[in-house]
Structure formats: C-alpha cells, structure tokens
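Per mature numbering (1 follows the signal peptide of the UniProt record, and there is no 0), the sequence shown runs over residues -18 to -1, 1 to 168.
Read through the structure below, which is laid out as structure tokens, and then see the notes.
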Amino acid sequence: MKKLLVSSIVILSSLTLASCSSLDGQYKKSSNDKKQTTKQVKTPTRSSFKNNVATLNDKTIKITGVKTIKDTQEYSQPLVVFMYKTTNKSNKIITPLTAWNNTFKITQKGKSLKKVSFTDDRLDSNPDKNLAEGDSAKNSVVYELDNQKDPIKINASEGISTNSINESSSIDGTNLGSEQFSINNN
C-alpha cells in the first residue's frame, strides 16, 4: 500500500512539474518579441501675438490692414475694418470668422466694440469658407467705433470661447498680447 501511495505521489509530482515547464515557455519574453516603434509627434508652437500676427497651435491670423470708414449712412459713428488672412494649421476644419472670433477682442477705452455688418466690394469677404489643414483665406471684419479720437486696442487670446450660460459673453483663455491702433483722421 505504501508503495502504491509513494508511486502515485511520484507520478503526480512528475506530471505537475512537466505541465509547469511546458507553460513556462508561453510566459517568457524572447528578445525577438520586442518591437521598436517611432511615433512622430508635432511639437506645439509657442503661441504669440506680435507685429500684427497671431500664431497659435492650430492657426495663424495675420492682420494685413486696418482702415477707418468715417461716413456711412447706416451708422452714426465711424467704422474700423480689420483685414486679415487666416491659415489653418490643424486637421480640423475652421472658418476665417470663427478663427477671428476665437482669438481677438477689440476695445476702445476699455469697452468692447460692436461688430457690424458692412458690405464693400473692395473688402475681402470669406467669413464662412471652410479651411482644411494648410488652407488660407482672406477676410475682413468691421466694428463700430465709440468715438473718433481714442485708439483701438486688439487683444489676442488662445482659448476664447462662448459662455454657455450667457451667449453674449465670452470666456478668456491664455492672453497672447495686445496691440494698439490709432484712428486715422485724414
């Protein structure tokens, strides 16, 4: 009986050891299993607003001109026109007007200026043109001035978005800087 018990234990132990050694090969990593992958990562551009150019990670907006329109029949105050070129640097579709609205705030004496609709054949007008990555378009945007003497301040931010609670206000993002423009009284 002892012989039977001892031989059963020996056989059982042998089977256990044999099964463990066969599973051992499944869990060992061989040096051939290593894969080396290289991933190209875009380095974020340092966002800035200098010399009339707002450079952001996803777009570049270059202000190509600023002009004052003094006499209009529709508005009591003169208008200021910002002419600009938008270039999309992201893989998401953007429009020139959305890019402008998400980047700039225009003020005079600390008060936000009201954007107005003004048509002139001499002004570029592509506010809703869809821009894919690498595409550019010229556009213009018009604001009504509060007065004819105080300079206009344009402030660029990255991350301006509409406030979901109050649609008429916006939430500022990272301040990129500001520039000041004198009103041309010629």
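Built from N, CA and C at the ideal position, the CB exists for glycine as well.
Cβ-Cβ distances below 6 Å link Y125 to V62, I88, L95 and K97 in the same chain, with the five nearest sequence neighbours on each side left out; the list follows chain order. Rounded to whole angstroms, the Cβ separation of A138 and S160 is 7 Å, and the two are in contact under 8 Å. Between Y66 and I43, the CB-CB gap stays under 7 Å.
Sixteen is the threshold: when 16 or more other Cβ atoms of the shown chains lie within 10 Å of the Cβ of I134, as they do, the residue is buried. Taking 7 Å as the cut-off, the Cβ atoms of T69 and A81 do not count as close. Around the beta carbon of Q130, fewer than 16 other beta carbons lie within 10 angstroms, which makes this residue exposed. If you check the CB distance, N121 and D106 come in under 7 Å.
Around the CB of E140, 16 or more other CB atoms lie within 10 Å, so the residue is classed as buried. Pairing F31 with L158 gives a Cβ-Cβ distance under 7 Å. Residue environment for I136: buried (at least 16 other C-beta atoms within 10 angstroms of its C-beta). Uninterrupted alpha helix (DSSP H) stretches at least 4 residues long and entirely within the segment 48 to 117 occur at 78 to 83, given in chain order.
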